[in-house]
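This report refers to the structure that appears directly beneath it.
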């Protein structure tokens, strides 16, 4: 799977990058929304793991841009948040193209299971 | 013909004139007095009216001020709450974020993704992971307890099939208790019962009580039993264990915040001390009652009951 991590926390992206790479997947990192969008423009990805609360260019801004550029169709988007999402916020995110909303701290094995399920759905 | 002396005539005329003049003067005097009285009366009336007008204006002004004060206070409270919410969200965010790489790397090390791990190292990693998990629970519990205090815990009331609920509970705990010699049973006398409640909060209460039972049951032959029964229009749940029990003194303080049975009686030092306080808060906000029964020796049973159809008071 080609995975893109967009999160402003460098430790988190480093850790997840290591994890996904060791599991045999291709993984790119963006530590802000704009760089993430640039990467999406230049390369195909299967999954985007997106941090919701980022300074300057937030997760929602990224989703908005992706929607405008019509990129949402072929992407599986999973959001990560460290605060407590209200039901409303989750519904809004899902309405804006997010397939799955997860809370931090997230067990990377559990995240991997979810991604595997999405991959099986797309292929099967 | 009567002849009247001229003098008498003049005297009469003079007398009449003087009398007339006196009468006119007296009349004028009276008129002046009446005028003055009228003026005074008018003045006093004007004074009173003016005073009343002033008083009314004062009262209106005071009321207006009070209304504005109340509005300002409400606005201030709303801003405070919004600020508190934002603050809570910020704290939760800041505290949860470092746990991601901590738990992530622990997992990777434990599963030997980063190289072979010696048993000593594995033990160390398990302890790191356990304590990081404890932090996660603490953060979550503190937020819940605070929200309960501030009456800001939100409930999502939906129809819940108890059969499904217990099935999930059963499979989850069979997995958790796989390696422990603990027998886990669910006795549900109510098949096909659907209740209105907040599923995840109800599960939170069960997780808390079962978690406590797991800590206190004997190492071998531990027994935990969960049940539910309809009694008089209420649904009564129970969580029962064959642990060391809770003495009546301790029962009194059990549901207080940060109350923990002293460490000598516990094998592990996990738990936030808020679990029972939060459980009580949740049960009560869902319209229920929670209680405990124990002889202090052979085990403990927690009961919590709810009216079968209920709408939580503060549900948003």
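Protein chains in written order, with this note's numbering: chain L, 244 to 367; chain X, 948 to 1263. Here a beta-carbon is modelled for each residue, glycine too, at the ideal position from N, C-alpha and C.
How far does the beta strand (DSSP E) with residue 273 of chain L in it reach, from first residue to last?
Counting from 1 along the first chain, the entry for residue 273 of chain L is found at position 30. 269-273 is the extent of the beta strand (DSSP E) around residue 273 of chain L.
Are the CB atoms of residue 1117 of chain X and residue 1133 of chain X within a distance shorter than 8 angstroms?
Position 186 of the second chain, counted from the start, is the residue given in the question as residue 1133 of chain X. Position 170 of the second chain, counted from the start, is the residue given in the question as residue 1117 of chain X. Cβ distance < 8 angstroms, so residue 1133 of chain X and residue 1117 of chain X count as in contact.
Got a sec, what are the start and stop residues for the alpha helix (DSSP H) residue 364 of chain L sits in?
Within the first chain, residue 364 of chain L is the residue found at index 121, counting from 1. Its alpha helix (DSSP H) spans residues 351-366.
Would residue 1144 of chain X count as contacting chain L if we go by Cβ distances under 8 angstroms?
In the second chain, the residue the question calls residue 1144 of chain X occupies position 197. Answer no: the Cβ-Cβ gap between residue 1144 of chain X and chain L never drops below 8 angstroms.
Quick one: give me the first and last residue of the beta strand (DSSP E) that residue 319 of chain L is part of.
Within the first chain, residue 319 of chain L is the residue found at index 76, counting from 1. Segment 319-324, the beta strand (DSSP E) holding residue 319 of chain L.
So, with DSSP's three-state summary, where would you put residue 1099 of chain X?
As a first step, residue 1099 of chain X is located in the second chain; it is residue number 152 there, counting from the start. It is coil, neither helix nor strand.
When you check each C-beta in the segment 1038-1061 of chain X against every C-beta of chain L, which residues fall closer than 7 angstroms?
1039, 1040, 1043, 1044, 1046, 1047, 1048, 1050, 1051, 1052, 1054, 1055, 1060
Quick one: list the residues of chain X neighbouring residue 303 of chain L, beta-carbon separation under 9 angstroms, in chain order.
Here residue 303 of chain L is taken as the residue at index 60 of the first chain, counted from 1. Here the premise fails: no neighbours, minimum Cβ distance about 15 angstroms.
Please name the residues in the segment 1015-1034 of chain X whose beta-carbon is closer than 7 angstroms to at least one beta-carbon of chain L, in chain order.
none
Within 8 angstroms, do at least three Cβ pairs link the segment 1221-1231 of chain X to the segment 1185-1203 of chain X?
Per the Cβ contact rule, the segment 1185-1203 of chain X is in contact with the segment 1221-1231 of chain X (3 or more Cβ pairs under 8 angstroms).
Would you kindly work out how many angstroms separate the C-alpha atoms of residue 286 of chain L and residue 262 of chain L, rounded to a whole number?
Here residue 286 of chain L corresponds to residue number 43 of the first chain, with the count starting at 1. Here residue 262 of chain L corresponds to residue number 19 of the first chain, with the count starting at 1. In a straight line, the C-alpha of residue 286 of chain L is about 21 angstroms away from that of residue 262 of chain L.
Thinking residue 1109 of chain X and residue 1142 of chain X are a contact (beta carbons under 8 angstroms), I'd like their distance in whole angstroms, please.
Here residue 1109 of chain X corresponds to residue number 162 of the second chain, with the count starting at 1. Here residue 1142 of chain X corresponds to residue number 195 of the second chain, with the count starting at 1. Right, the Cβ-Cβ distance comes to about 6 angstroms (below 8 angstroms), so this counts as a contact.
Ordered along the chain, which non-local residues of its own chain (more than five positions away) have a Cβ less than 6 angstroms from that of residue 1083 of chain X?
By one-based count along the second chain, residue 1083 of chain X stands at place 136. Result list for residue 1083 of chain X: 1046, in chain order.
Apart from the five residues on each side of it in sequence, which residues of its chain come closer than 8 angstroms, Cβ to Cβ, to residue 357 of chain L?
Sequence index remark: in the first chain, residue 357 of chain L carries index 114 (1-based). Hits under 8 angstroms: 321, 343, 345.
Just the C-alpha distance for residue 959 of chain X and residue 982 of chain X, rounded to the nearest angstrom, thanks.
The residue labelled residue 959 of chain X in the question sits at position 12 within the second chain. The residue labelled residue 982 of chain X in the question sits at position 35 within the second chain. Near 33 angstroms, if we compare the C-alpha coordinates of residue 982 of chain X and residue 959 of chain X.
Could you tell me if residue 977 of chain X is buried or exposed, where buried requires 16 or more neighbouring beta carbons within 10 angstroms of its beta carbon?
Start at 1 with the first residue of the second chain, and residue 977 of chain X comes out as number 30. Flag for residue 977 of chain X reads exposed.
Span of the alpha helix (DSSP H) holding residue 1134 of chain X?
For this step, residue 1134 of chain X is matched to residue 187 along the second chain. First-last for residue 1134 of chain X: 1129-1135, but that is the beta strand (DSSP E), not the alpha helix (DSSP H).
Would you verify that the beta carbon of residue 252 of chain L is, or is not, closer than 8 angstroms to some beta carbon of chain X?
What you label residue 252 of chain L is simply residue 9 of the first chain in a count that begins at 1. A Cβ of chain X is located within less than 8 angstroms of the beta carbon of residue 252 of chain L.
Could you check the C-alpha separation between residue 1185 of chain X and residue 1087 of chain X for me, to the nearest Å?
Here residue 1185 of chain X refers to the residue found at position 238 when the second chain is read from its first residue. Here residue 1087 of chain X refers to the residue found at position 140 when the second chain is read from its first residue. Spanning the two alpha carbons is a distance of roughly 24 angstroms.
Kindly indicate which residue of X:1137, X:971, X:1160, X:1147 has the alpha-carbon position closest to the one of residue 1105 of chain X.
Along the second chain, read from residue 1 onward, the residue named residue 1105 of chain X stands at position 158. The candidate whose alpha carbon is nearest that of residue 1105 of chain X is X:1147.
Helix, strand or coil, according to DSSP, for residue 253 of chain L in the structure here?
Position 10 of the first chain, counted from the first residue, corresponds to residue 253 of chain L. Of the three classes helix, strand and coil, the one that applies to residue 253 of chain L here is helix, per DSSP.
Under a CB-based cut-off of 8 angstroms, is residue 368 of chain L close to chain X?
This structure gives no information on residue 368 of chain L, because the portion of chain L shown stretches from 244 to 367.
Suppose you measure from the CA of residue 1160 of chain X to the CA of residue 1189 of chain X; what does that come to, to the nearest Å?
Along the second chain, read from residue 1 onward, the residue named residue 1160 of chain X stands at position 213. Along the second chain, read from residue 1 onward, the residue named residue 1189 of chain X stands at position 242. Residue 1160 of chain X and residue 1189 of chain X: Cα-Cα distance of roughly 8 angstroms.
Determine, for residue 1214 of chain X, whether the minimum Cβ-Cβ distance to residues of chain L falls below 8 angstroms.
On the second chain, residue 1214 of chain X is found 267 positions in, with the first residue counted as 1. Because residue 1214 of chain X carries a pLDDT of 47, less than 50, the predicted location of this residue cannot be relied on, and no value is offered for it.
If I follow the unbroken beta strand (DSSP E) through residue 1125 of chain X, where does it start and stop?
Position 178 of the second chain, counted from the start, is the residue given in the question as residue 1125 of chain X. From DSSP, residue 1125 of chain X is part of no beta strand (DSSP E); its letter is neither H nor E.
When the distance is taken between beta carbons, is residue 246 of chain L closer than 8 angstroms to residue 292 of chain L?
Within the first chain, residue 292 of chain L is the residue found at index 49, counting from 1. Within the first chain, residue 246 of chain L is the residue found at index 3, counting from 1. The answer is yes: Cβ separation under 8 angstroms.
Exposed or buried, which one is residue 258 of chain L when buried takes at least 16 other CB atoms within 10 Å?
As a first step, residue 258 of chain L is located in the first chain; it is residue number 15 there, counting from the start. It is buried - the Cβ of residue 258 of chain L has at least 16 other Cβ atoms within 10 Å.
Kindly provide the ranges of any alpha helix (DSSP H) runs that are 4 or more residues long and lie completely inside the segment 1036-1107 of chain X, ordered along the chain.
1046-1057, 1066-1096
Quick one: is residue 348 of chain L near chain X, going by C-beta distance under 8 angstroms?
Numbered from 1 along the first chain, position 105 holds the residue referred to as residue 348 of chain L. Yes, because at least one Cβ of chain X sits closer than 8 angstroms to the Cβ of residue 348 of chain L.
For chain L, check one thing: does any of its Cβ atoms lie closer than 8 angstroms to the Cβ of residue 1036 of chain X?
Here residue 1036 of chain X refers to the residue found at position 89 when the second chain is read from its first residue. Interface residue, yes.
Give me whichever residues DSSP pairs with residue 1240 of chain X in a beta bridge.
Indexing the second chain from 1 puts residue 1240 of chain X at position 293. X:1248, per the DSSP bridge assignment.
Is there contact here, the segment 1171-1185 of chain X with the segment 1248-1255 of chain X, by at least three beta-carbon pairs under 8 angstroms?
yes
Output, in chain order, the set of chain L residues within a Cβ distance shorter than 7 angstroms of residue 1170 of chain X.
Counting from 1 along the second chain, the entry for residue 1170 of chain X is found at position 223. By Cβ distance, chain L contributes nothing, its closest Cβ being about 30 angstroms from residue 1170 of chain X, past 7 angstroms.
Can you grab the Cα-Cα spacing for the pair residue 288 of chain L / residue 279 of chain L, in whole Å?
Counting from 1 along the first chain, the entry for residue 288 of chain L is found at position 45. Counting from 1 along the first chain, the entry for residue 279 of chain L is found at position 36. Approximately 11 angstroms, taken between the alpha carbons.
Distance, Cα to Cα, residue 1195 of chain X vs residue 1246 of chain X?
Position 248 of the second chain, counting from 1, holds the residue named residue 1195 of chain X. Position 299 of the second chain, counting from 1, holds the residue named residue 1246 of chain X. So the alpha carbons of these two residues sit roughly 13 angstroms apart.
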